[in-house]
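Here's the structure, in structure tokens; my notes come after.
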Amino acid sequence: MAPISLSFDLPTQIATGLANGDLVRNGGVIQDQAGKVVMWLKETSGATGITPNILGSVDPAGALRLGLQGVDSAVTHQRLTALGAQVTQLQNLAVLTSATSILTLGVSVAGFAIISKKLKKLEGRLKDVQKTLTEVDEKIDLGFYSNFRAALDLAGNVFTMSDQANRRSSALQAIDRFLEAEHVYTDLTDKELERTSQISDEYLLTLCLAYIAETRCYLELGEYDTALRRFHEGKAEVRERMERYISLLLTDNPLMYLHPDLKEINLPRLVRVYKWKDPSATEHSVFELMRENLRFLDGATGFNLSEWSKALPASIIEQSKIKRGFMGLKDEGRQAILKNLPKAVSEMEEMMETNDRFASYEYEVKLLAKTKVPFSKWLSLQPQGTAPEGSNLVFITPPQPIAL
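Residue numbers (the UniProt record's numbering): 1 to 404.
Shown next as structure tokens:
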């Protein structure tokens with residue numbers, strides 16, 4: 001493997017490329033316009049995995065918005081001073097989105113203990129749902145979460161074994177359990193998406209963790225080709241369901257997200273959602289789509305807000321929380337819907353970020369498969385020196401952009 005550069009600081013040329021649109025961040029990688037990887041982003045061991053969208057995205061004008069939220073931001077004003085007025089100005093732009101993700105940046109950071117911690121968090125979210133729902137579907141069964149955790153505990157212990165035969169045998173047992181988890185949570189996700197329930201995202205995120213755990217086992221075993229094949233299959237399964245979930249949140253009339261009372265939602269935010277679904281989407285094409293929905297304003301169609309509200313998924317708002325009267329939707333119910341729409345946009349952004357982080361893991365696995373670097377060596381890569389206070393990222397730069 002050719003020498004790579006590791007740093008706690010964002011290199012000037014990368015920051016400049018992000019600023020002028022020549023480079024783009026996709027999850028845990030930064031790529032050029034040809035799709036070649038120019039940098040991997042790896043969270044430090046103390047990172048939470050739910051850090052702000054630090055590097056942001058590119059807005060329609062091509063300007064990078066750097067999300068700088070408190071001392072946890074990896075790119076500080078002090079470090080960007082050398083980039084001159086352009087990047088300093090970019091730094092002061094408003095935060096593009098507060099989107100977070102349950103996934104870490106870098107599959108090598110996602111050890112079994114961290115995956116178990118994420119899993120416990122998702123299980124806790126489902127328990128909270130059980131407490132608040134008046135009618136709980138029988139499929140909200142938390143029993144298999146304990147089986148999943150047991151498999152993670154087994155996997156964590158496996159790779160401390162010195163006997164290679166026992167190590168491999170036990171690792172394959174853990175992999176079998178992760179495969180079972182994938183089947184279980186694929187089925188549960190599909191059923192909850194069909195029901196448009198508010199727990200489909202928890203099951204979908206659990207499915208992500210199951211694929212990551214399986215991939216991690218194969219990486220630890222040095223079975224890079226199998227890890228790559230299985231993760232590639234999982235990426236397709238996850239992406240399909242992410243798109244279905246986001247389509248549910250968009251509803252059949254996404255124009256409602258641009259309601260005059262919702263100042264925090266603008267067209268560029270919706271454009272990013274549509275562009276995530278279809279890279280060929282533009283601000284113009286999304287505007288034309290919205291304009292089709294404008295016809296209800298002049299009475300050309302019989303758009304009925306009350307009827308539209310009846311089809312809203314529980315992921316946006318529970319129907320029991322929408323107040324209706326004899327004449328239809330009450331103002332109280334209307335306000336409850338409007339209050340929840342910004343949360344739905346943030347949820348879309350969070351799931352998009354999660355999918356992008358998940359998908360970007362494949363580039364890390366591809367690199368390992370291509371270079372045959374021992375996984376233990378890859379895990380040990382760290383910049384020289386001590387991480388600056390508040391830094392939670394390691395920037396890994398190859399000598400040349402890599403096509404993977």
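Note that the Cβ used here is the ideal one computed from N, Cα and C, for glycine as well.
Residue i (DSSP reduced to helix, strand or coil)
i: residue 4; result: coil
i: residue 130; result: helix
i: residue 14; result: helix
i: residue 396; result: strand
i: residue 121; result: helix
i: residue 325; result: strand
i: residue 387; result: coil
i: residue 273; result: helix
i: residue 158; result: helix
i: residue 198; result: coil
i: residue 340; result: helix
i: residue 331; result: helix
i: residue 284; result: helix
i: residue 110; result: coil
i: residue 374; result: coil
i: residue 311; result: coil
i: residue 9; result: coil
i: residue 223; result: coil
i: residue 164; result: helix
i: residue 318; result: coil
i: residue 253; result: coil
i: residue 44; result: coil
i: residue 101; result: coil
i: residue 214; result: helix
i: residue 259; result: coil
i: residue 141; result: coil
i: residue 175; result: helix
i: residue 305; result: helix
i: residue 240; result: helix
i: residue 381; result: coil
i: residue 190; result: helix
For residue i, the nearest candidate out of the options (CA to CA)
i: residue 209; options: 116, 287, 269 and 187; result: 116
i: residue 148; options: 14, 120, 128 and 262; result: 120
i: residue 360; options: 193, 239, 11 and 144; result: 239
i: residue 330; options: 347, 316 and 307; result: 307
i: residue 146; options: 122, 167 and 130; result: 122
i: residue 237; options: 4, 270 and 187; result: 187
i: residue 245; options: 370, 24 and 347; result: 347
i: residue 175; options: 154, 164, 190 and 162; result: 154
i: residue 314; options: 3, 102, 124 and 129; result: 129
i: residue 384; options: 377, 344 and 394; result: 394
i: residue 101; options: 374, 386 and 356; result: 356
i: residue 195; options: 352, 311 and 328; result: 311
i: residue 259; options: 373, 279, 305 and 223; result: 305
i: residue 400; options: 20, 14, 38 and 26; result: 38
i: residue 254; options: 291, 398 and 284; result: 291
Residues sharing a beta bridge with residue i, DSSP
i: residue 421; result: Within the shown structure, residues of the chain are numbered from 1 to 404, placing residue 421 beyond reach of any answer.
i: residue 23; result: 32
i: residue 402; result: 37
For residue j and residue i, believed in contact at Cβ under 8 Å, the rounded distance
i: residue 354; j: residue 249; result: About 14 Å; that fails the 8 Å criterion.
i: residue 22; j: residue 33; result: 7 Å
i: residue 6; j: residue 381; result: 6 Å
i: residue 112; j: residue 213; result: 7 Å
i: residue 269; j: residue 345; result: 6 Å
i: residue 4; j: residue 398; result: 5 Å
Nonlocal neighbours in the same chain, by C-beta distance under 7 Å from residue i, ignoring five residues either side
i: residue 264; result: 342
i: residue 256; result: 341
i: residue 192; result: 199, 200 and 203
i: residue 261; result: 338
i: residue 40; result: 28, 29, 106, 364 and 396
i: residue 387; result: 8 and 44
i: residue 158; result: 167, 170, 171 and 174
i: residue 184; result: 144
Contacting residues, own chain, Cβ-Cβ under 6 Å from residue i (five flanking each side not counted)
i: residue 211; result: 234
i: residue 226; result: 218
i: residue 231; result: 215, 362 and 365
i: residue 403; result: 36
i: residue 274; result: 281 and 286
i: residue 161; result: 167
i: residue 328; result: 306
Own chain, CB closer than 8 Å to residue i, minus 5 neighbours either side, in chain order
i: residue 243; result: 277
i: residue 379; result: 108
i: residue 336; result: 317, 321, 322 and 323
i: residue 168; result: 221
i: residue 228; result: 362, 365, 366 and 369
Residue i Cβ short of 6 Å to the ligand FMN heavy atom set
i: residue 313; result: With respect to small molecules bound, the structure shown includes none, and the ligand FMN cannot be examined in it.
Test: residue i CB closer than 7 Å to a CB of chain E
i: residue 362; result: Judged by its chain identifiers, the structure shown contains no chain E, having just a single protein chain.
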